[in-house]
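Have a look at the structure below, then the notes.
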Amino acid sequence: MMNIYKKILICCMLLFYYGLAYAQVNITGTVKGADDGRPIPGVSVTVKGEKRGLVTDSEGKFKISVTPNTILRFSFIGFDAKEVDVKEKTVINVSLQPSKNELNNVVVVGYHEIKQRTTTAAITVISGKDIENLPAPSFDIALQGKVTGVNIQNFSGQPGVRNTFTVRGNSALSSNLSEANALSTPLFIIDGVPTSLTDLGNYDNTQTDVLAGININDIESIQIAKDAAATAIWGSRGANGVITIKTKRAVKGKPQINLNVYGGFSDQPKLTETATGSYERNQKLNFLTQQGGVRAIGSLPQMLTDSLNPAFNNATNWQGLFYRKGYIHNVDLSIAGATDAINYRFSLNNYDENGVLYGTGFKRYSFRSNIDYQINDKLSTEVNISFSRVDRQPGLGNDPHEVNPLSGFQQPSSLYYTNDTDIARYRGQYDQLRNLDRNDLLTGFIGLHYKILPGLLYKIEGSGSTNMSENQFSSPTTLSAQGIATSYDYSSNYVSANVNNVLSYGRKIGTNHNINILVLQNFQRDVVNSKNIYGDNVPDDNIKVVQGVPQSSLKASTDYQASSLLSYATQVHYDFKEKYLFDATMRADASSRFGSNHKWGYFPSVSAGYILSDENYLKPVRWISLLKVRASYGVNGDQPSDFYAPYNGYNLTQGYYNGVAMGTPNFNTGNGVTDKNLTWEPTKQFDIGFDGAFFNSRINLTIDYYNKIQSNKYYTFPLAFYTGYTQQTSNSGLSVGNSGIEVNIDTHNLPPSSKFQWTTNFNFSYNKNQILSLPNGNRTIYATYNDNNSGLGINYIFQVGKPLYMLNQMIYQGVYNSQSQIPVNPFTGQALTYFKGNYPVKPGYPIWKDSNGDYDVWSDEDKGNAQGDLLPTANPNPAITGGFNNNFSYKNFSLGIGMTFTLKRDIINSLLSNQYNNWASGITNFTSSSIPDLSKIGFWDPVLAAKDPAGYKAKYPALNPGGAYFYQFFPFSTMFNENGAYLKITNISLGYKLSKRYLDALGLSGCRFYAVLQNVYTFQKAKVPDAEQVNPFGIYDGATYPIPKKVTLGVSVQF
Amino acid sequence: MKLQMKKYINKYIIAIIICGVGLITSCKKYINEGPIDTPTDNNFWTSERAAESGLAGAYGLLRTALTNGQAYFIFGDATANEFSAYENFELGSLSSINQWNFNYVPYREPILHNWTSFYQVISQCNLILSKVPNIAAANFQDDPVATKNQIMGEAYFIRAYCYYYITQVWGEPVIVTQAYTDPINAKPIARSKDADGFNQVVSDLKKSASLLSYNYSNASQVAVQAGKGSVFALLSKVYMWQKQYQLASAAADSVIQHGGYSLETGANFSHIFKGQSPESIFEINMIYSPNQNEAQRGDATNDNNNNVFSVFLGDPFVKGKSYGWSVNKDLVNSLYDTTASKKDVRIKSTFYGLQSARTLMVKYANVIYQNPQQQTLPFVSNNMVVLRLADIFLLKAEADLNQGNTGSALMYLNRVRQRAGLDPYVFTSQNDLLYTIMDERGRELYGEGQWYFDLVRSGLITNPNYDNSIDGYLPNRITNRGYLWPLDLRTLLPQDPLLTQNAWWASAGQ
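Sequence order for the protein chains is A and B. In this text, residue positions in the first sequence follow this note's numbering: the first is 10, and each later residue adds one. In this text, residue positions in the second sequence follow this note's numbering: the first is 2, and each later residue adds one.
Right under this line is the structure:
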């Protein structure tokens, strides 16, 4: 910084000298931003055609002496440069337009800061401005539909719960089909601190999204690194993309105080249409007699026939018991300022959202302090500290499927009587339980930067972050079937320490060669300490902690686990005239999670770019502002999520024999064998991209094609029984490919001079997910997902050439109307049967395709044939995802509309399956369950079928609670598959900026009012209430938390 | 001033470099850091305590293998028609009307058609046998040689018992006597003959006998851990399968003469199952203790793998539990003389509610509530008796009869009858004596996981002259070894391509 002053001084002296020689004019002025009218310090002011220039001071002011009729050029990063003809003027006030050409932004590739224009990597940058004030606990929700190649999907709307975040398709295979690890997750770098959500999640007691600890309004920018050129530098952790989050820093000028408040509510979710009271009774009676005939009349349950019984003549609204309107409020306060020596920003935040289901909610208190200090002209330091406390009320429990005790198909008939005691009992599960889910996140970062020589910079950075997660639970005797009060306290402390030594050298050689070399050494160590204390038989319901519990009912355990990563890396950038661009990186990681024979992993990448628009033959083409092609190839990795994967731990916690603790290897868990050869999962990725800017950068276009192959993936192998070990997780022959195309278009639809401004972002990505090889000689793998509430199984198949999580089902083709339609085996004369001959097919039965032609339809898995009549049917991986975002501004008004879409996705409505199956399983279940308007569903009607056997097409087979039950409504057929495509208006935000006149009167430097509608409307074909609320396996079960619609109003004031 | 600054800066640099170097050297250590929350193969087998813990692991795994899904009672009793109805619908296929169709026991295949849990016990024994000899003598608190012998002897016994049981249930075991260090690359192994299985048992038991003694140094280990008496008792049972009657009789003699066991009185018949009875030769410890609980829940839990005794019980033995497996009263009436004036004392200790619609088997009905006031959280505190003196008496009688020594056979049979309060059996014919011994086994060992194997071993299961032969098993099935259980090849075959299905199930049984 001292240098700058020196330069200014020299410039001024030179000016003075020139002033003597020529007739000089002294010009003064202020440079302001056209967007907010605030002065911009540090703008470079140059005289065209001369080499001299200066920069504006902390109030945006400048003073320069020039000869008349020269041209002054004002330029600053992030703004469009502007040229002003001096002519006779002595005062020149300039307002600079914020740059619409994002390619001038600086991006961070690993540890290199580089202009987006000259990068060879596929990186998308989202400005904090694009997501500020969106009423969401964590920024990932706000990113939805904004980044091509990134798919963010909320399968639960519960505030503060982690949802899915995949970059360039999924590569994870959860062979036991657990939702938590179903999809691959990128690595997050939060202000220089690498954070793995998978690692944190494995040791977390609260299931709260760690990202929700970050205040959205503290975010300056989010960078999404996608190809190998951008991620190889993160070595064994970068395979699934890297998201770099930078928090805000001050701009030079006088201190700014910013107060931002918003509040609003989430709408009570739309209730499912339900028949109640006498309408329900009549429907059920009619239905039973219609389907079951005379036999059913003889066995009608009392609940239906005894309409005068006060226990059964009600119209209870069960759904209303648990839903409510939720409230949100958020307060941000920040103070920021910067001088040449120091740059500081402090912020405080409180976000509070109570959920639309009783007993759920999310609170965050956060504090952040970012300070940069220039100690002298060679040495500077950077200190960031952040703390946040996140309290989440999980409702009934931490399982996303257990938030509502009467969710989905479990809802009882409205005929039941409910009184205050019943309500108290149901609600009591929320009121009387104590369920505290708390995360305290503390991060500290210190960096020292030392300029050894011009261009040679040494950085040492140290950071520590801790995530203390605590789950305190207490349930009184009144809620226990055994009459016992239970309390527990599970806490874990995840501490991650990180040290970087970075040496970088950048130089311009001659006029054309730019070179930048960086070497670094990095060490990261993660340590988890956890304590679990559990007690049954708590002596009094007023004790909500573990106190006074008899010794025999007390369980306690502690744990300590550590993981370390030592890395060396180098990054080289070379360009010729900023036109021919080359980059190469190499990283070596030694991980404590690799086996002793493979401690080191090596991750190289190379990339090149070519800016065609700088070639002479294209320079005259004025409508082309930029044309760049780039390509990259490299290797990334993924390390085991288990800290001690190569070690065979012995299990001494499985119980006792005759009072002695049993000590055995872990025969069943997949980590019972010492695995010296365990190593990283290599991911090879090729990317070719094109960046273009046209018509004075009013149209910006980026297109990427990528092909990513992850091989030697971890897989849990079954082992031969006689070894005693049943399975082992290790590198395997499993490989998964993701290839696709990403397109991003940004347009400024109106000329810059127009008062009305309209910008559009359209992005979409097409991804093809494919299993390329499988372990054990490509043997097909079968897996079953068991519905959390009903236990219904949904079958999946993993086959070479097919995507991950392909559904494996029988084909449902309608309903048989008459006996003559049922196929007969020509050899035996027997009609088609279901379930190994147990159910001869009759009219009203579903038409299931007899794929193997044996005149019996079933999955046959108990015959040792896993396929039977099943076929791979549906693909729950979204093929096309994207967003369409428009921003309008006119004078002081602004309007933003954000949309996201998913196309070509198959989903399965297991809620309907559960409901119908429940009704079909017997008259008692049918009678005691809630039902919608049955006539609208389209169950097979024998009367209609008899009238028109050829033409009648029922949607669903006969549902006869008194008749044959052969699991006909199980989701093992395609009966409940739906088209999962949707287009969602995720948010509409409206803003109004107070004009300067009022600001001056109020003594403010800025004031903006805004309103945001979140989750506005969904266009979809599927019958599920929300096609987004579908889990990674494509299942909608109706039991997860609905995604609420939110309305907020806010004001942001700058002092 | 400037000079001073430079000095400072140099200091910074030096300090930073020192820090950096320090870090790099300590990094190496961290990269190779193993877990401290669990022992590993490298450091587990290093002390007497670990060896004992490993042995407890072997016993515990054996307990799991035998009790999982009530396997012990399904294999040994349900198949012998001792029960007529089950609370678990999936066991319906085991009833006589479904002709004991072992091929289709839905949802229980992972236990009943899969012998992996027994191979885990064997694997644990193999580990003990390979690791314990290498533990340094200095790491023993007790006499190293004696303790090692004791632990190894018990490991040989447990391994022998597993091969004995596998050969009884599925036949033709895969024989593994080495501990695997690299199971990922294990070579496929084919099944051996039944005879090889039994020979392996004999060979292990002989080694075990040479290492163990009849007396227990620690009273708490009596019967719940193997002693020399347990070894000879099992040996006599294997010899019976091998039809080596002389050897069987001699082994039984060793138990009877040297074991120091004695029959409980008739009045205390139920004490046999409460743990460490003087009659018990080997039993699996499952006694309730609040802190190190080895007992299983007494109420109906959803966990099929964790209610081995509770399946027999209902109210009033377990408060609020409605069902239990129903005893087959036809068999009871055929086996026992329930109308006689002088009643068999075992009836009362074995059955409850013989006059009512549902009869329970109550040998294991020592229920303890963890919350005695509310009578909630019931546990069944009984041991699973695997070998006991009455069994050996009857075996001895059968062995001696097969050698033509009718007098000895009568004596041992009548000792068991006498305890039950029955009149001595009066000899009529060789065959009748054999049938009576088999009936006596049925009466004595009802619900103890034995009788089916006795019927199969003796061939009486389909003998039309024997009153209590089981009608459902067609002679053809028994001849083609359809008494063995099928293997779940879908699960087991992929990792062992040499594995084959049992003949009956591979063809006719399908």
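Quick reminder that beta carbons are idealized off the backbone N, C-alpha and C, glycines included.
message = Less than 7 Å between C-beta atoms, sequence neighbours within five positions excluded: which residues of the same chain meet that for leucine 192 (chain A)?
response = Thr173, Thr175, Asn179, Ala181, Pro1041
key: Bridge-paired residues (DSSP) for cysteine 1016 (chain A)   = A:Val1062
request  = Sort out for me which residues DSSP pairs asparagine 986 (chain A) with in a bridge.
outcome  = A:Ile917
key: Min CB distance phenylalanine 45 (chain B) to chain A below 8 Å   = yes
Three-state class that DSSP yields for aspartate 568 (chain A) in the structure shown = strand
request  = Note down, in chain order, every chain A residue with its Cβ under 8 Å from the Cβ of serine 311 (chain B).
outcome  = In chain order: nothing, as chain A lies at least about 16 Å away.
inquiry  = Closest to serine 576 (chain A) by C-alpha separation, out of A:Tyr714, A:Thr594, A:Ser600, would be which residue?
reply    = A:Ser600
inquiry  = I need the straight-line Cα distance from lysine 275 (chain B) to glycine 325 (chain B), nearest angstrom please.
reply    = 20 Å
inquiry  = For a cutoff of 8 Å on Cβ pairs, would you count tyrosine 848 (chain A) as touching chain B?
reply    = no
task = State the Cα-Cα distance for the pair proline 1065 (chain A) and isoleucine 803 (chain A), rounded to the nearest angstrom.
result = No statement about residue 1065 (chain A) is possible, as the shown extent of chain A runs from 10 to 1064 and does not include it.
message = Going residue by residue through the stretch 770-804 of chain A, where are the continuous beta strand (DSSP E) segments of at least 3 residues, counting only ones entirely within it?
response = 790-795
inquiry  = Please list, in chain order, the chain B residues whose beta carbon lies closer than 8 Å to that of aspartate 568 (chain A).
reply    = Asp38
query = chain B partners of valine 669 (chain A), CB-CB under 8 Å?
reply = Glu53, Ser54, Leu56, Ala57
ask   = Going along the chain, which unbroken runs of the beta strand (DSSP E) with 3 or more residues stay wholly within the stretch 388-463 of chain A?
value = 388-403, 443-462
task = Go through its chain and collect everything with a Cβ distance to alanine 81 (chain B)'s Cβ below 7 Å, but skip five positions before and after it.
result = Trp452, Tyr453, Leu456, Ile471
Sequence-distant residues of the same chain with beta carbon closer than 6 Å to valine 392 (chain A), five excluded per side = Ile380, Ile455
task = For the alpha helix (DSSP H) holding leucine 414 (chain B), just list the boundary residues, first then last.
result = 407-420
ask   = What is the DSSP secondary structure of asparagine 606 (chain A), reduced to helix, strand or coil?
value = helix
ask   = Exposed or buried, alanine 30 (chain A), counting other C-beta atoms within 10 Å across all chains shown (16 or more means buried)?
value = With a pLDDT of 47 at alanine 30 (chain A), under the threshold of 50, the modelled position of that residue is not reliable, and the figure given next carries that caveat. That one is exposed.
ask   = In angstroms, rounded to a whole number, what distance separates the CA positions of lysine 229 (chain B) and alanine 210 (chain B)?
value = 6 Å
query = Roughly how many angstroms lie between the CA atoms of valine 516 (chain B) and valine 239 (chain B), to the nearest whole one?
reply = Lying before the first or after the last residue shown, residue 516 (chain B) is absent from chain B, which here runs from 2 to 511.
inquiry  = For alanine 30 (chain A), would you say it is in contact with chain B, using Cβ-to-Cβ distances shorter than 8 Å as the test?
reply    = Because alanine 30 (chain A) carries a pLDDT of 47, less than 50, the predicted location of this residue cannot be relied on, and the following value inherits that uncertainty. No, alanine 30 (chain A) does not count as interfacial toward chain B.
ask   = Residues in its own chain within less than 6 Å of phenylalanine 394 (chain B) by CB, not counting five upstream and five downstream?
value = Tyr413, Arg416, Val417
query = Opposite serine 744 (chain A) in the DSSP bridges: which residues?
reply = A:Ser782
inquiry  = Rounding to the nearest angstrom, what Cα-Cα distance links valine 555 (chain A) and glutamine 328 (chain A) in this structure?
reply    = 34 Å
ask   = For the stretch 579-605 of chain A, which segments carrying the beta strand (DSSP E) assignment without a break, of at least 3 residues, lie completely within its bounds, in sequence order?
value = 589-600
key: 8 Å contact criterion, which leucine 424 (chain A) and phenylalanine 321 (chain A) should meet: CB distance rounded   = 5 Å
inquiry  = Below 7 Å, is the gap between the Cβ of phenylalanine 1018 (chain A) and the nearest heavy atom of the ligand NAD?
reply    = For the structure depicted, the ligand NAD is absent and the ligand set is empty, with no information on it obtainable.
Beta-carbon neighbours of glycine 369 (chain B), restricted to chain A and to distances below 7 Å = Reading off the sequence shown, one finds isoleucine at residue 369 (chain B), where the question assumed glycine. Going along chain A, no residue has its Cβ under 7 Å from isoleucine 369 (chain B), so there is no contact; the nearest lies around 12 Å.
key: Runs of beta strand (DSSP E) lying entirely within the stretch 180-233 of chain A, each at least 3 residues, in chain order   = 196-199, 202-204
Span separating the alpha-carbon of alanine 220 (chain B) from that of aspartate 408 (chain A) = 48 Å
query = Straight-line CA distance for lysine 872 (chain A) to asparagine 104 (chain B)?
reply = Any answer about lysine 872 (chain A) is weak, because its pLDDT of 48 lies below 50 and its placement is not dependable; what the coordinates show is given next. If I take the Cα positions, the gap works out to 10 Å.
task = Can you check DSSP and say which residues form a bridge with lysine 41 (chain A)?
result = A:Pro48, A:Ser104
ask   = Run through DSSP, which three-state label would histidine 114 (chain B) get?
value = coil
query = Excluding five sequence neighbours on each side, which residues of the same chain lie with their C-beta closer than 6 Å to the C-beta of isoleucine 190 (chain B)?
reply = Val175
request  = In the DSSP assignment, find the unbroken alpha helix (DSSP H) run with tyrosine 108 (chain B) in it and report its ends.
outcome  = Careful: tyrosine 108 (chain B) lies outside any alpha helix (DSSP H) and carries neither H nor E.
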